[in-house]
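Novice:
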Amino acid sequence: MGVRRSGGRQRVNGGRLPRVLLFAVVLALSLQLYTRDNHFSWLYHNDESSKVSQVTDAIRNFNHPPLMLTLADGVARLTGRNADPQAVVQVGRTLSALYLALANALLVDLAVVWAGTITGVALGAVLLVQPDLYEIGHYFKEDTLLLLGLSASFWALAFFGAEPSRRRAVLLGVALAVLAGSKYVGWFWVVLLGGQAVVWSWRERRTALAWVVGVFVVLTVGIYGPVLQNWNVAREAGTLEVMLLLAGDYGSGHAVPHALYWRELGQSIPWLLLALGCLGFVLAGRERRPPGSLWILSSSAILLIALSWTAKYSDRYELPISYLMSFVVVTGAALAWPRSGSRRWLTWLPQAGAVIVAAWLVWRAEPEAAHRAWGFRFDSRAVVREHLAQHYRGTLVLAQDEWARVDVEPRTGRSLSSWFVADLGSLDGLRRQGVTHVLVSFDVNHRFLDDSVAQFAQADFQRRREFYRQLFREGRVELFLPSHQPKALQPGLTLVDIRYQQPKNAKEFRPY
1 MGVRRSGGRQ RVNGGRLPRV LLFAVVLALS LQLYTRDNHF SWLYHNDESS KVSQVTDAIR
61 NFNHPPLMLT LADGVARLTG RNADPQAVVQ VGRTLSALYL ALANALLVDL AVVWAGTITG
121 VALGAVLLVQ PDLYEIGHYF KEDTLLLLGL SASFWALAFF GAEPSRRRAV LLGVALAVLA
181 GSKYVGWFWV VLLGGQAVVW SWRERRTALA WVVGVFVVLT VGIYGPVLQN WNVAREAGTL
241 EVMLLLAGDY GSGHAVPHAL YWRELGQSIP WLLLALGCLG FVLAGRERRP PGSLWILSSS
301 AILLIALSWT AKYSDRYELP ISYLMSFVVV TGAALAWPRS GSRRWLTWLP QAGAVIVAAW
361 LVWRAEPEAA HRAWGFRFDS RAVVREHLAQ HYRGTLVLAQ DEWARVDVEP RTGRSLSSWF
421 VADLGSLDGL RRQGVTHVLV SFDVNHRFLD DSVAQFAQAD FQRRREFYRQ LFREGRVELF
481 LPSHQPKALQ PGLTLVDIRY QQPKNAKEFR PY
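Residues 1 to 512 (the working numbering) make up the sequence shown, in order.
#1: Would DSSP call residue 371 helix, strand or coil?
#2: If residue 183 and residue 371 are in contact, beta carbons under 8 angstroms, what's the gap, nearest whole angstrom?
#3: Which whole-angstrom value is the C-beta distance of residue 116 and residue 291, which I expect to be below 8 angstroms?
#4: For residue 216 and residue 177, which I take to be in contact (beta-carbon distance under 8 angstroms), what is that distance rounded to the nearest angstrom?
#5: Note down, one range per segment and in chain order, each beta strand (DSSP E) of at least 3 residues found wholly within the region 410-467.
#6: Keeping to the same chain, check which residues put their C-beta closer than 6 angstroms to that of residue 175; ignore five residues upstream and five downstream.
#7: Could you tell me whether the region 309-323 touches the region 357-369, using the rule of 3 or more Cβ pairs below 8 angstroms?
#8: Leaving out the 5 sequence neighbours to the left and right, which residues in its chain are closer than 8 angstroms to residue 269 when beta-carbon positions are compared?
#9: Do you know how far the Cα of residue 82 is from the Cα of residue 73?
#10: State whether the region 413-425 contacts the region 478-486, with contact taken as three or more CB pairs (one from each stretch) at a distance under 8 angstroms.
#11: Restricting to runs no shorter than 4 residues, where is the alpha helix (DSSP H) found entirely within the region 79-136?
#12: Look up residue 250 in the DSSP assignment and say whether it is helix, strand or coil.
#13: Between 201, 149 and 206, which lies nearest to residue 185 when the distance is taken from Cα to Cα?
#14: Short check: CB of residue 197 to CB of residue 166, under 8 angstroms?
#15: So, helix, strand or coil for residue 493, using DSSP?
#16: For residue 71, which residues in the same chain have their Cβ closer than 7 angstroms to its Cβ, ignoring the five residues on either side in sequence?
#17: Considering just the uninterrupted stretch of the alpha helix (DSSP H) at residue 478, what are its terminal residues?
#18: So, at 8 angstroms on beta carbons, what are the nonlocal neighbours of residue 373 in its own chain, with the 5 sequence-adjacent residues on each side left out?
#19: DSSP three-state label for residue 502, please.
#20: So, residue 227 versus residue 105, is the Cβ gap smaller than 8 angstroms?
#21: Under the rule that 16 or more other beta-carbon atoms within 10 Å means buried, what is residue 386, buried or exposed?
#22: Could you pull the DSSP bridge partners for residue 57 from this structure?
#23: Does DSSP put residue 384 in a helix, in a strand, or in coil?
#24: So which of 42, 101 and 111 has the shortest CA-CA distance to residue 15?
#25: Who does residue 396 pair with in a DSSP beta bridge?
#26: May I ask you to report which of helix, strand or coil DSSP gives residue 315?
#27: The alpha helix (DSSP H) that contains residue 18, what's its start and end?
#28: What whole-angstrom Cβ distance do residue 277 and residue 332 have, given they're in contact under 8 angstroms?
#29: Can you have a look at residue 320 and say buried or exposed, based on whether 16 or more other CB atoms are within 10 angstroms of its CB?
#30: Per DSSP, what kind of secondary structure is residue 401 in: helix, strand or coil?
#31: Reducing DSSP to helix, strand and coil, say where residue 165 ends up.
#32: Given 8 angstroms as the limit, is there contact between the region 401-409 and the region 426-443, that is, 3 or more CB pairs closer than that?
#33: On the criterion of 16 or more Cβ atoms from any shown chain inside 10 Å, does residue 305 qualify as buried, or is it exposed?
#34: Quick check on DSSP: helix, strand or coil for residue 184?
#35: Can you give me the C-alpha to C-alpha distance between residue 69 and residue 351, rounded to a whole angstrom?
#36: Using DSSP with H/G/I as helix, E/B as strand and the rest coil, what is residue 72?
This is the structure in structure tokens:
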């Protein structure tokens, strides 16, 4: 089991039956896990609602490569579910769950052929309890397709590096095309892994290399066809994405939080384990080191450095790194041990190290995973709707952040909204309009209440900041639901009664 040399070239080996069985088990468990409790409203996650609109309206904004939307649109049309927004989002969420399930199964299979079946089982357990994977697997988003492209590309590259046959070349070309079509950052890995394939095959196996390039080019041109046909729209979308990286979301962001992504990675996987896992790959030596394995380490480091110089923050951006590092710390624990054939029981020591590391990671992640699972069963917006229906009969006039997205029944009152409720007018102006309550979302207003956040458009930023601070200073908080993961269902809602002004000496409410 593992990597051996044959004829001067590395050769990947592994028992076929254990691999197939483990692949099927991980695929089935992952799919069951990620499709559980995923029937919440299509309006709850802003990224999802925009993607649903692109499918139902047949108009693309090209903020991301079109592969995910093309696949979802095709499946929705084939099943006759392309007109209803909720049906479309369910198709997209199911496909996202499938992408991530396949990614997990491929990564586990890679661990099996590199470090043994037990190591693969250990890695599978770690992946299944990762809370960030559980959450992202519930959304109609490109991130799971990116993870599938990563897993498939490293998996295909390992087999291609062992024996660059035509079949393996085709698999590598397909995997790289998926990577390129998932998110624009996927091109970063396409260049690195594609370059490695060129280095391996340029002298001896040019025919195989031609198959890799040919399959990749044909598929990528097909994937990016809509982009080429709507180049001006795609160019504007690309310009906007660059601006957001430099300035942050909503025209405001942290002043380039260099250490934030590093700190988040260390909280996800302790730095000591990361160091030991990387050391395991290095100590494996050239004879035992899996083909292309060092690119997992180097590409993750390069991307982490790049992220630390951007003003736009999202824990999703670090997900590919933490995903690959989970693989590194478990598999590296097995690769670090020298293999000995003199005594049979010694051959189990490397995989025992992987099991110990995996058991600790599972123990550490399980509480948050359970909390995240609970979060998908609790709908904070439903709590607000029920509260309003119980306490108001036609007297409510609600102004809310668009992200709050709480429907007000006609018998309860009426509502008005803006992305920032502060843009509807001043607090006194809202009172003059007859507004009785304001509903705000932590995910929107936290940047204005956080003194560490800088501004991009100074006048608008300062006006909004003053509105939200005045709201919590003068209004009476009637209902407060803290922000929790998953934020799509727990966005941190605060219902404020603005009819009565608090005394000047009243303590200001801070929803964080």
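Using N, Cα and C, we set each Cβ at its ideal position, and we do this for glycine too. Just so you know, these numbers come straight off a predicted model, no measurement behind them.
Specialist: According to the structure shown:
#1: helix
#2: The Cβ separation is near 28 angstroms, so there is no contact.
#3: About 17 angstroms; that fails the 8 angstroms criterion.
#4: 5 angstroms
#5: 413-418 and 437-441
#6: 152, 153 and 156
#7: no
#8: 322, 325, 326, 329 and 361
#9: 7 angstroms
#10: no
#11: 85-115, 117-128 and 131-136
#12: At residue 250 the pLDDT is 49, less than 50, meaning the model places this residue with poor confidence; the figure from the coordinates comes in the next sentence. Here residue 250 sits in helix by DSSP.
#13: 149
#14: no
#15: strand
#16: 95
#17: Unbroken run through residue 478 is the beta strand (DSSP E), 476-483; no alpha helix (DSSP H).
#18: 36, 37 and 134
#19: coil
#20: no
#21: exposed
#22: Partner(s): none; residue 57 has no beta bridge.
#23: helix
#24: 111
#25: 413
#26: helix
#27: 16-34
#28: 3 angstroms
#29: buried
#30: strand
#31: coil
#32: yes
#33: exposed
#34: coil
#35: 40 angstroms
#36: helix
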